Amino acid sequence: MLDSCQALKVVGGDANASENIYWVMRLYLYCMISANSYLFRIKTFYCCILIMTVFNSCFLLVPYEPSKEEKEDVFKTVKWDKQILTDFSKYDSLAQILLSNLDTIINYKNKTTYVTIIEGGGKETKELANETCYAFFDGNDYYDIKKIPPYLSSKVDCLWTLVGKPEIKICKEKRPANLSLRINFTERKNNVLECHVLYWRLTDFDNHDSFYLIKDTALSKDCIYRIGITTDNSGW
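Below you can see the structure in the form of structure tokens.
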């Protein structure tokens, strides 16, 4: 007889898809043997098929977590981006105008950006932001690089477009740097992500982006070029 603990293995977070099928089929066979009516057996069959479909779909939605060895294998193959090395002066031009106007940009954003506060009872109120860091990237109006002081907007937008519209993060404090340009994410095998980032005024030994493995090279006195291995592309 199939006990309840074994039957519940089909919903266990540690079970893989093949285990789910195995236990669902065992449950189905037990029900079929125990059933006294043909109608009940038919209902049991379709219920088991439905359960199997739902749980296997759920497991397919869970990202595969690569092993330590798989991450290290990818890391062994990463290479410095020749375009970044060749065109560093363009990235640095964008960086210098942002760094020179760091406080101005953040103060402007705090005066023009509203955040929604949810109070007791679900009541919503809007307040001006009071952030020390802001991110900018393409494709989202809220994070549009053009939403900085107008006299800077056109020049920054031009330089940003020239270097391929990388994700930008600027901070008053070094968290982990005053300025970060996230150049690209490349999905490698087994869900391993390779990321290239330029940091200006990076805090010593900081790994704020939570990379599993990193390698750095200095491109200037203030700029570090980092390649990192991660499995998370959710953002800063």
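With the working numbering, the residue at position 177 of the sequence shown is 178, and numbering never jumps.
From the three backbone atoms N, C-alpha and C, an ideal C-beta is built for every residue, glycine too.
It should be emphasised that the depicted structure is a prediction, and the values quoted were computed from it without experimental measurement.
inquiry  = Distance check for N102 and S221, CA to CA, integer angstroms please.
reply    = Here residue 221 refers to the residue found at position 220 when the sequence shown is read from its first residue. Here residue 102 refers to the residue found at position 101 when the sequence shown is read from its first residue. Taking the straight line joining both Cα atoms gives about 20 Å.
key: N-terminal and C-terminal residue of the alpha helix (DSSP H) that W81 is part of   = Reading the sequence shown from its first residue, position 80 is the one you call residue 81. No alpha helix (DSSP H) contains W81, which DSSP labels as neither H nor E.
request  = Using 10 angstroms around the beta-carbon of D4, count the other beta-carbons present and answer buried if the total reaches 16, otherwise exposed.
outcome  = Stepping through the sequence shown from its first residue, residue 4 is reached at position 3. Only weak support is given to the placement of D4: the predicted model assigns it a pLDDT of 41, under 50, and the question is left unresolved by the model.
request  = Rounded to whole angstroms, what's the CA-CA distance from G229 to G122? Just pull it up for me.
outcome  = For the purposes of this step, residue 229 is taken as residue 228 along the sequence shown, with counting starting at 1. For the purposes of this step, residue 122 is taken as residue 121 along the sequence shown, with counting starting at 1. If I take the Cα positions, the gap works out to 43 Å.
inquiry  = Quick check on DSSP: helix, strand or coil for Y152?
reply    = Against the sequence shown, residue 152 aligns to sequence position 151. Here Y152 sits in helix by DSSP.
task = Can you tell me which of the three DSSP states G121 falls into?
result = Here residue 121 refers to the residue found at position 120 of the sequence shown. Looking at G121 - three-state DSSP - the assignment turns out to be helix.
message = Using 8 Å as the threshold, is the C-beta distance between D210 and V198 below it?
response = Along the sequence shown, one-based indexing puts residue 210 at 209. Along the sequence shown, one-based indexing puts residue 198 at 197. Yes.
key: Boundaries of the alpha helix (DSSP H) in which D93 is found, first to last residue   = By one-based count along the sequence shown, residue 93 stands at place 92. Unbroken alpha helix (DSSP H) run through D93: F89 to S101.
Residue from F138, T117 and A136 with nearest C-alpha to L129 = The residue given as residue 129 occupies position 128 in the sequence shown. Residue T117 is the option with its Cα nearest to L129.
ask   = If we ignore side chains and look at the alpha-carbon of each, how far apart do T133 and Y144 end up?
value = Your numbering for residue 133 matches position 132 in the sequence shown. Your numbering for residue 144 matches position 143 in the sequence shown. Using only the alpha carbons, I get a separation of about 15 Å.
query = Under a three-way DSSP split, which group does K112 fall into?
reply = Here the question's residue 112 lines up with position 111 in the sequence shown. Helix at K112.
task = Have a look at S181, C224, K173 and D217 and flag the residue whose alpha-carbon is nearest the alpha-carbon of V79.
result = In the sequence shown, the residue the question calls residue 79 occupies position 78. The residue with the shortest Cα to Cα distance from V79 is D217.
task = Throw me the rounded Cβ distance for the I107 and I169 pair, which I believe falls under 8 Å.
result = Position 106 of the sequence shown holds residue 107. Position 168 of the sequence shown holds residue 169. Not confirmed; about 12 Å, so no contact.
query = Any idea what DSSP makes of V198, helix, strand or coil?
reply = As a position in the sequence shown, residue 198 is number 197, starting the count at 1. Strand.
Beta-carbon proximity list for D139, same chain, < 7 Å, skipping 5 on both sides = Here residue 139 corresponds to residue number 138 of the sequence shown, with the count starting at 1. Within the same chain, D139 has close Cβ partners K166.
task = Express the C-alpha separation of D82 and T232 in angstroms, rounding to a whole number.
result = Translated into positions along the sequence shown, residue 232 becomes position 231. Translated into positions along the sequence shown, residue 82 becomes position 81. Going by the C-alpha atoms only, they are around 20 Å apart.
key: Cβ distance (whole Å) where L163 is taken to contact I98 below 8 Å   = Locating residue 163 in the sequence shown gives position 162, counting from the first residue. Locating residue 98 in the sequence shown gives position 97, counting from the first residue. Going by Cβ atoms, the distance from L163 to I98 rounds to 12 Å, so no, they are not a contact pair.
message = If I follow the unbroken beta strand (DSSP E) through F138, where does it start and stop?
response = Working through the sequence shown from its first residue, we reach residue 138 at position 137. Counting along the chain, F138 falls outside any beta strand (DSSP E), and DSSP gives it neither H nor E.
task = Please go through the same chain and pick out, in chain order, the residues whose beta-carbon is closer than 8 Å to the beta-carbon of K156, but skip the five residues on each side of it.
result = Numbered from 1 along the sequence shown, position 155 holds the residue referred to as residue 156. I98.
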